[in-house]
Structures are given as structure tokens and as C-alpha cells.
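Following: one structure in C-alpha cells, then a few remarks.
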Amino acid sequence: MPSLAISCASKPPPIARGLPITVEYTATTTVADVKGQIAAKFPNFYIARQKLSLKNDKANLDDEKKIVDLVGEKGGELQVKDLGSQISWRTVFLIEYAGPLVIHPLIYHFPRFCVHRFSHGTMPFRNVFKNSAHYHILSGLLLAYDVYRPLFSATSSYVAGGIRSDKNFLWLMAGVWVFAEFSNLYTHLNLRSLRPPNSRVRAIPYGYGFSLVSCPNYFFETLSWTVVAMMTGSIAGMPDTLSPLPIVLILFLRIAVLFLAVSTTQMALWAIKKHKNYKKEFGKEYPRGRYAMIPFIL
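Counting from 124, one number per residue, gives the positions in the sequence shown under the working numbering.
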């Protein structure tokens, strides 16, 4: 049985200091089989981190290649290179997308964690389920389903050749969204500055956004979600062939507009309540002409 020398082009790696070695092969032995024999001698030098090539040739040999076709029937020599620690592509994807999964919620909820100073320290436990359903189901599950399905792929007829592939439209929408998000943050920081830590002191907010409405933060958040609804075109036409779900559920899964409607309604109720509280608490001192949430409308 012919033998095959396995050497290194340079210094043997720490996990295979016993190189070079000699292995035997037959007419059916493949490159993958040789890698297996190397891994059997050096367990930490597993198959995935090995690169085999002909002597003085850097080209990687395919695992399916037969050794006899490479070096002949009388024996020969291959060189092995350590590719370093390897991880599966599945793990790579999990690591890559773990970043956005962590970073996006942190940025989105930054005002809640680091900026808000709440007037009430607690809330009824039963309300957690209502509040969580809004974010987990509407914003999380259904909005994710709506946006990440084939309808919104770059090659979809819904996107390609239409306004959602127009760079001017996309840049405009992105600009409005960034403006709304930073404006929302600024108004939150303004509100935070009015309330000392560990207190429930209330004061009349002034400055950017507050000249026209009592709750500009709600207005800017509504503007952000309006951009999302416009960019996704939610609730406007959806081919039935893209989903086996009943038509009623399909319409509800065009969720950006639904989420926008529910969110705006809830924020409007909060804004009206806060607006009334401001006027009741500060009386004539509170600026006249302010609306609750939407300038000149609400």
C-alpha cells in the first residue's frame, strides 16, 4: 500500500507538533479521508481547520479529489496548513445578527432607560400585559412578519421600479425619520431637565417643540412611524399568492399602518390628559394657544 507524506510549508502548528507524518492510501482514498487521518492523530487539528495542497502549490485541494489522481500510485507528499480555529456559518450568523438584536432595542429604548424620570414609581401589574402586547405582537411579531417577507425584497415587483426603489424618496424618508428621532430625544432631554432626580416636581416646558404643543415627543414619535408606514406602503395592496393566511388576517398583517394607528391613538389620549393636567395645574401661567399633540389640529 503506497504511503503519503504530510508535511508543513513552515513550522508545524502548536496543535500538530508531531508533523510531518506518513499515512497510507488506497485507490479510493480521498483528500477528506487524509484529513480524517490527520485529525485522528492530532484531535485538536480537526478537519475544518486543515488546508491540504500539493507540495510547493498553495491551491486548496477539494475534499472529493482522490489521492491517486493527485500524486499517483507510488506515493507522494502533501502539505497541510492550519487555517486557525473555525466556527460554523450558523454561529457566524447568530453572532452577526446578535449585534442589531441588542443594539437596536438599546437605542430605541434609550430614552426609557436613561432619560425618563417618571412621575409615578409604579403601575398596576395587569397593565404590563396590555403594554407588552402592543410592542411584542404589533411592533414585534406582526411588523417583523410584514417587513421581512418576500414582498419587500429588492427584486419584488412591489419594490423594483417603484417609488420604494427611488433613492430620492428613500433619502427623503430617511432624513425625516432621523429628524423625528433626534427631535424626540431632544424633547425628552428637555423634560428630564425640568424634574430633579427622585422628585415629582412638574414645571412648564419651553423651547424646541413646545411652542406649539404640550407633548411634542408624541408628535415626533408619530412622525417616525408615519415614515415607516410610508416606506413599507403598509396596507396598500398585497398579492394573495405571497401568503396562505386568510384575507382578513393578511390585511391586518400590513401592520405598519395598524401599529401607527394604535400608537397614535394611545399617544393622543396621553397627550390630551397631560395637556389638561398642565392647564389645570398652572392655570393662567400655562401658555395659551398650545395644542395637545399635533400642531393646529389636536
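Just so you know, even glycine gets a beta-carbon here, dropped at the ideal spot from N, CA and C.
(1) With H, G and I counted as helix, E and B as strand and the rest as coil, what does DSSP make of residue 379?
(2) On the three-state DSSP scale, how would you describe residue 125?
(3) In terms of DSSP beta bridges, what is residue 226 paired with?
(4) With distances taken Cα to Cα, identify the nearest neighbour of residue 210 among 295, 280 and 169.
(5) Quick check on this structure: which residue in 270, 386, 289 and 401 has the alpha carbon closest to the alpha carbon of residue 324?
(6) Does residue 174 come out as helix, strand or coil in the three-state DSSP assignment?
(7) Closest to residue 422 by C-alpha separation, out of 195, 159, 389 and 381, would be which residue?
(8) In terms of residues, what are the limits of the alpha helix (DSSP H) holding residue 146?
(9) Report, in whole angstroms, the separation of the C-beta atoms of residue 346 and residue 379, which I expect to be a contact under 8 Å.
(10) Which residues in the same chain have their Cβ closer than 7 Å to the Cβ of residue 171, if we skip the five residues on either side of it in sequence?
(11) Please state whether the Cβ-Cβ distance between residue 79 and residue 301 is less than 8 Å.
(12) For the beta strand (DSSP E) containing residue 201, name the first residue and the last one.
(13) Apply the 10 Å Cβ neighbour rule to residue 350 and answer buried if 16 or more other Cβ atoms are within range, or exposed otherwise.
(14) Take residue 344 and list the residues in its own chain whose beta-carbon comes closer than 7 Å to its own, dropping the five residues that flank it on each side.
(15) Over what stretch of residues does the alpha helix (DSSP H) that includes residue 415 continue unbroken?
(16) From the DSSP output, in three-state form, read off residue 214 for me.
(17) Could you check which residue in 274, 329, 176 and 146 has the C-alpha nearest to that of residue 197?
(18) Given this structure, state the Cα-to-Cα distance separating residue 268 from residue 279, to the nearest angstrom.
(19) Quick check on DSSP: helix, strand or coil for residue 280?
Looking at the atomic coordinates:
(1) helix
(2) coil
(3) Bridge partners of residue 226: none, in fact.
(4) 169
(5) That would be 401, whose Cα lies nearest to the Cα of residue 324.
(6) strand
(7) Limits of the chain in this structure are 124 at one end and 421 at the other, which puts residue 422 out of reach.
(8) Per DSSP, residue 146 belongs to no alpha helix (DSSP H); it is in the beta strand (DSSP E), 144-147.
(9) Between residue 379 and residue 346 the Cβ distance is about 14 Å, and since that is not below 8 Å, they are no contact.
(10) These residues qualify, in order along the chain: 209.
(11) For the chain, the structure presents residues 124 to 421; residue 79 sits outside this window and is missing.
(12) 199-205
(13) buried
(14) Hits under 7 Å: 307 and 390.
(15) It is not in any alpha helix (DSSP H) - residue 415 carries neither H nor E in the DSSP assignment.
(16) helix
(17) 146
(18) 16 Å
(19) It is coil, neither helix nor strand.
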